[in-house]
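S.K.: If you scroll down you'll find the structure; I have some questions about it.
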Amino acid sequence: MKAVGYTRAGAIDDDGALVDVELPQPAPGEHDLLVKVHAVSVNPVDCTIRATEQPRSGPPRILGYDAVGTIVGLGDSVEDEPLLEHFAIDDRVFYAGAIDRPGSNAEYQLIDAHLAAHAPASLSDVETAVLPLAALTAWELLFDRLEVPRPVPGAASAVVIIGGGGGVGSMAIQLLRALTNLTVIATASRAVTKAWCANLGAHHVLDHRRPLAPQVAELGLGDPGFVLSTAGSEERQKDIVELLAPQGRFGYTDRPELDVPAFQVKCISLHPEDVFMRSRLQTLDFAEQSEILRQVGELADAGKIRSTLTSTIGAINAATLAQAHRLIESGTAVGKLALEGFTSQP
1 MKAVGYTRAG AIDDDGALVD VELPQPAPGE HDLLVKVHAV SVNPVDCTIR
51 ATEQPRSGPP RILGYDAVGT IVGLGDSVED EPLLEHFAID DRVFYAGAID
101 RPGSNAEYQL IDAHLAAHAP ASLSDVETAV LPLAALTAWE LLFDRLEVPR
151 PVPGAASAVV IIGGGGGVGS MAIQLLRALT NLTVIATASR AVTKAWCANL
201 GAHHVLDHRR PLAPQVAELG LGDPGFVLST AGSEERQKDI VELLAPQGRF
251 GYTDRPELDV PAFQVKCISL HPEDVFMRSR LQTLDFAEQS EILRQVGELA
301 DAGKIRSTLT STIGAINAAT LAQAHRLIES GTAVGKLALE GFTSQP
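First residue of the sequence shown: 1, per UniProt numbering; consecutive thereafter.
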């Protein structure tokens, strides 16, 4: 099968950064679905791994943590297990997958059935491919970590989303509007990203380049109970402490070094999110990701959320994936990008 992998960690333009390869088609394990991949997306995690994690000896490491495709094989236990979803050959599914298994940048991929869900019927392959990782991250952070339906006593019923124009921020805005009555305050820096956040449903869009606490105060809502940050959390932590209400909750997806005593003064709780934690550690609830994706698909089919696709780069090969990595690393991407179908690099 065709696949795209990398052979050594480094910059995207280094030799071996991304290469077209031919690999044997994998055979499903007991709990696996064998999926023929139709379309994929690229996320910052792909770029981080490619740049910093040296592959083990052997075949190139295959990245890719967003996919939609068709089931062409089932593990022996899939049909007998009490899964949240029932799967059959030819079903169309979407998923993010696991970070410790080969990813979706291949014609065929194995995915644990507990991590997949039926794809939304109303969306095309490229529209669907951009959803899983961002939706899972936003959902887990909002509802599992921050528990936004549970009010913070005395706080304004509002969520500040730092980085509203990215994949996770874009999904968080929509999920909050679809499933809660909270006021959604997003941050963005450019006119295009400010308009994007507003069009997705943010009640207020703040200037990402200026201190946030004074801008939040100017809204007259009071101190928000929640902050969700997707980038720059370490640099903004004083601002975050200032704008959050006492006993507020701060969730983040990056890896900041935080001044914990500063948060402790207001008893602000800290909530890191790692979307791959459940699959990596095989937690008792790791099948919850299938249920989250099922609900995301239902919301999409009901028209309550929309795909965050903003560009389709082309077919899946080393050249187009390198183009996608460069765009992600530039920090200028709005929404999500997708690639569809497999061709070898010309």
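Built from N, CA and C at the ideal position, the CB exists for glycine as well. Since the model is a prediction, treat every value here as computed from it, not as a measurement.
For the alpha helix (DSSP H) containing Leu243, name the first residue and the last one.
M.R.: Element bounds for Leu243: 237-243.
S.K.: Hey, could you find the ends of the alpha helix (DSSP H) Ile111 is sitting in?
M.R.: Run containing Ile111: none in the alpha helix (DSSP H); it sits in the beta strand (DSSP E), 108-112.
S.K.: Among residues of its own chain, excluding the 5 on either side of Glu329, which ones have a beta-carbon nearer than 6 Å to its beta-carbon?
M.R.: If we look at Glu329 and ignore the five residues flanking it on each side, its Cβ neighbours are Cys47.
S.K.: Going by DSSP in three states, His325 sits in which element: helix, strand or coil?
M.R.: His325 falls in the helix class under three-state DSSP.
S.K.: Is the segment 268-276 touching the segment 139-148 in the sense that three or more CB pairs, one from each, lie closer than 8 Å?
M.R.: With a cut-off of 8 Å, the segment 268-276 and the segment 139-148 count as touching, because enough Cβ pairs lie within range.
S.K.: Using alpha carbons as the reference points, say which of Asn199, Ser189, Pro153, Arg150 lies closest to Ile173.
M.R.: Closest by alpha carbon: Asn199.
S.K.: Identify whether Lys194 lies in helix, strand or coil by the three-state DSSP scheme.
M.R.: In this structure, Lys194 counts as helix in the three-state DSSP scheme.
S.K.: DSSP on Asp100, reduced to helix/strand/coil?
M.R.: Of the three classes helix, strand and coil, the one that applies to Asp100 here is coil, per DSSP.
S.K.: For the alpha helix (DSSP H) holding Ile49, just list the boundary residues, first then last.
M.R.: Looking at the DSSP string, the run of the alpha helix (DSSP H) that includes Ile49 is 44-52.
S.K.: Thr283 lies in the beta strand (DSSP E); which residues open and close that run?
M.R.: Thr283 -> no beta strand (DSSP E), and no H or E assigned at all.
S.K.: What's the gap between the Cα of Val148 and the Cα of Gly251?
M.R.: Rounded to whole angstroms, Val148 to Gly251 spans 11 Å at the Cα level.
S.K.: DSSP three-state label for Val260, please.
M.R.: Here Val260 sits in helix by DSSP.
S.K.: Bridge partners for Ala186 per DSSP, in chain order?
M.R.: Partner(s): Ile161, Val205.
S.K.: Count Cβ pairs between the segment 179-195 and the segment 121-138 that sit closer than 8 Å; are there 3 or more?
M.R.: Contact between the segment 179-195 and the segment 121-138 is absent, because fewer than three Cβ pairs lie under 8 Å.
S.K.: Can you list, in chain order, the residues of its chain whose CB lies under 7 Å from that of His208, leaving out five sequence neighbours each side?
M.R.: Correct list, in chain order: Thr187, Ala188, Ser189.
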